[in-house]
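The structure under discussion appears below in the form of structure tokens.
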Amino acid sequence: MVSAYVMTERDCRGTVKAPDSVGLASYTMDSHNCQRVVVDGAVRNEGDVQVGVPGPYPISYRAIVPTEAQCANLFVPVCLSASHIAYGSIRMEPVFMILAQSAATAAKLALDAGVAVQQVNVAALQSRLRQDGQHLQWPPAVDGEVVVDNASASVTRGGTWVSSSHVGGYYGVDYEHDGNTGKGVNRLRFTPFLPARQLHGQPPLDRRPEPGQQRAGGRGAQRRRHHPYRRPARLGRTVDAARDVHVRGGDGQQRADPHRWHGRLRGRRRGPLRPRLRAGDVSPVVTVSRPDIVTTGAAGVLRRVS
């Protein structure tokens, strides 16, 4: 049986994301040796594949149920519908446990509603799974968050940057590094389109660069990044909240990947108020969805690349 949604390498690489997620997988796309053969007098493994993935990715609810015409009361959380290479990543026992829990929850909803498993309200299922502590997307969604990836159209570059996916844990389909060259010349500028006086910029660099220097735009604040967990510079309430990665020196590769801006508005009381900019908001400047943004102004279109 083939489901309405087949998990493929594109899901594993993050180039597509299933909207009806019922769990996450994150293991390497792994296919073991087919056989051992003798080549020039030496025994070699044939067919071994080891390809990393950027990070955790969602698994579609439709992939764990057949089509309704095939069977209306069956869940398949282990032998789900997937290509060979995608299943090499999904096939881990923790993922089977995650999908089995999601399938059990969906079965309860189907029984209560008296419907086929294909007709389960996925939004209600996801809501219950989140209540139970299930993670359905990565990074976890944050209301009002604006993400600018290195592949976004608003990123400008100086010097030489190299695209790579060699080291896992990056956002989207790749990250960029300076190849340990061009110190003092290489720079990237991440520019978000933010509504004035609605966002309190606090954009951390998500990756772990080698010692170097970066600059937070908008206020001209500078700081050295000798430790990946130091508190990021606060940019204040401003639409000029660009973020610069400027490599001035240091040994090792400088990595650049996404930057995030979180919506907060401070009032007279101490502490942040609820975000003014939330998922689903529409204004003359931006339309916000979770967690993508699309600008409606003259600046063009900026989407989260993932």
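Numbered by UniProt numbering, the letters in the sequence shown go through residues 1 to 306 in order.
All C-beta atoms, glycine included, are put in the ideal place defined by N, C-alpha and C.
Comparing C-alpha distances from Arg157 to each of Arg187, Val148, Asp112, Gly179 shows the shortest one belongs to Arg187. Beta-bridge analysis with DSSP links Met7 to Ala82. The closest CA to that of Gln35, considering only Phe190, Ile98, Val49, Ser102, is found on Val49. Under the DSSP definition of a beta bridge, Met29 partners with Val51. If you look at Leu99, you'll find it in the alpha helix (DSSP H) that goes 93-113. Per DSSP, the unbroken alpha helix (DSSP H) holding Ala123 starts and ends at 122-131. Taking C-beta atoms as the reference points, Pro54 and Ser165 count as a pair closer than 8 Å.
Between the region 103-122 and the region 33-47 there are fewer than three C-beta pairs closer than 8 Å, too few to call the two in contact.
In the DSSP assignment, Ala42 falls within the unbroken beta strand (DSSP E) covering 42-46.
In the structure shown, the three-state DSSP call for Gly23 is strand. Within a 10 Å sphere around the beta-carbon of Met7 sit 16 or more other beta-carbons, which makes this residue buried. Taking the Cα of Ala103 as reference, the smallest distance to any Cα among Ile64, Gln134, Asn180 is reached at Ile64.
Here DSSP, grouped into helix, strand and coil, assigns Ser60 to strand. When DSSP states are grouped into helix, strand and coil, Gln70 belongs to the coil group. Its chain contains Pro66, Gln70 as the residues whose beta carbon lies nearer than 6 Å to that of Met1, once the 5 sequence neighbours on both sides are disregarded; these appear in chain order. Less than 8 Å separates the beta-carbon of Pro56 from that of Trp138. Ala106 and Gly179 have their C-alpha atoms some 48 Å from each other. Ser152 sits away from Ser81, with the two beta carbons spaced by 8 Å or more.
Counting other Cβ atoms within 10 Å of its Cβ, Asn73 stays below 16 and is therefore classed as exposed. In the three-state scheme derived from DSSP, where H, G and I count as helix and E and B as strand, Val2 is classed as coil.
For Phe75, there is no enclosing beta strand (DSSP E), as DSSP marks it with neither H nor E. Per DSSP, the continuous beta strand (DSSP E) segment holding His177 begins and ends at 175-177. For Ala86, the closest C-alpha among the options Leu129, Ser60, Ser163, Ala116 is that of Ser60.
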